[in-house]
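Notes follow once the structure below has been shown.
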Amino acid sequence: MPNLNHIGIAVHNLPALKKLFSLLKLEIIHVEAVPEQDVTAHFIELPLQPTHLELLEVTDPKGTLAKFIDKKGPGIHHLSFLYEKGQLVPLCEKLKKHNYKLVYDNPQHGAHRMLINFVHPKSAGGILIELMEPQD
202 MPNLNHIGIA VHNLPALKKL FSLLKLEIIH VEAVPEQDVT AHFIELPLQP THLELLEVTD
262 PKGTLAKFID KKGPGIHHLS FLYEKGQLVP LCEKLKKHNY KLVYDNPQHG AHRMLINFVH
322 PKSAGGILIE LMEPQD
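Quick note on our numbering: the sequence shown kicks off at 202 and runs consecutively.
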């Protein structure tokens, strides 16, 4: 059974959002550049939950996240579910077999040394769903 690992938030004005979260006593605990996804991920731990917030900062103005913000504005970008090692590829194959559209043909590298893929919003009621598993 997967766990909700994080909620990805597309950010247009990172300093303003960091200030708000700081006032809410929610601090960024980890920052990681993810060049394969054209983003820098800023993770906020939710102290009483196993879930994080991931503030996604654009690093390429022509990248996928920049296009998302241009089209829909900043806000919730995706829900991410964590699976055990070895489950991602078979899960993706199963989803394809049932005609769900995935963003990538094969899993890609994501933050925190994870392999990732996404269920396309057109196949998921308008929700971008990230599927992830540890690489190690």
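Using N, Cα and C, we set each Cβ at its ideal position, and we do this for glycine too.
Ile270 lies in the alpha helix (DSSP H); which residues open and close that run?
-> 265-273
Using a Cβ-Cβ cut-off of 6 Å (strictly less than) and excluding sequence neighbours within five positions of Val259, which residues of its own chain qualify?
-> Leu266, Ala267
Skipping 5 residues on each side, what residues in its chain have a beta carbon closer than 7 Å to that of Ser324?
-> Tyr301, Lys302
Just mark Tyr284 as buried or exposed, buried being the case when its beta carbon has 16 or more other beta carbons within 10 Å.
-> buried
Does the distance from the C-beta atom of Leu316 to that of Leu289 stay below 8 Å?
-> yes
Considering Glu294, what are the terminal residues of the alpha helix (DSSP H) in which it resides?
-> 289-298
Selected residue, minimal CA-CA separation from Val304, among Arg314, Ile328, Gly287 = Ile328
Going straight from the alpha carbon of His231 to that of Glu294, what length do you get?
-> 32 Å
In the DSSP assignment, find the alpha helix (DSSP H) that holds Ala217 and state where it starts and stops.
-> 215-224
DSSP state of Glu285 mapped onto helix, strand, coil | coil
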